[in-house]
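Written out below as structure tokens is the structure these notes cover.
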Amino acid sequence: MRYVIMRAVKAALSMALAWWASTRILSVISQFVGGHAYCSLVSLIITPLILHTYTLLRDLVLETKYRLEKYRY
Numbered sequence: 000m001r002y003v004i005m006r007a008v009k010a011a012l013s014m015a016l017a018w019w020a021s022t023r024i025l026s027v028i029s030q031f032v033g034g035h036a037y038c039s040l041v042s043l044i045i046t047p048l049i050l051h052t053y054t055l056l057r058d059l060v061l062e063t064k065y066r067l068e069k070y071r072y
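Start counting the sequence shown at 0; every next residue gets the next number (numbering that gives the first Met the number 0).
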């Protein structure tokens with residue numbers, strides 16, 4: 000049970016970090032573009048892409064780590 004709770008907390012923190020990074024990227028984009036309507040439209044597209052890419056990379060790293068530990072012994 001403790002393992003499940005720790006994984007849930009870790010996943011929530013990872014998603015919060017990815018969301019924060021996506022808002023920072025959108026902030027930079029809005030400074031160059033200057034339009035809030037355009038930035039909102041871009042945020043609907045970019046935020047899920049950033050979150051999905053982050054999740055895929057995280058899963059790849061965890062899978063690689065698991066395989067390395069598996070073949071070590």
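Every residue gets a Cβ at the ideal spot worked out from N, C-alpha and C, and that includes glycine. As the structure is a computational prediction, the values presented were derived from the model and not from experiment.
Whole angstroms is fine: what's the gap from residue i's alpha carbon to residue j's?
i: Arg71; j: Leu61; result: 15 Å
i: Thr54; j: Ile28; result: 22 Å
i: Arg23; j: Met14; result: 14 Å
i: Leu12; j: Trp18; result: 10 Å
i: Leu25; j: Arg6; result: 29 Å
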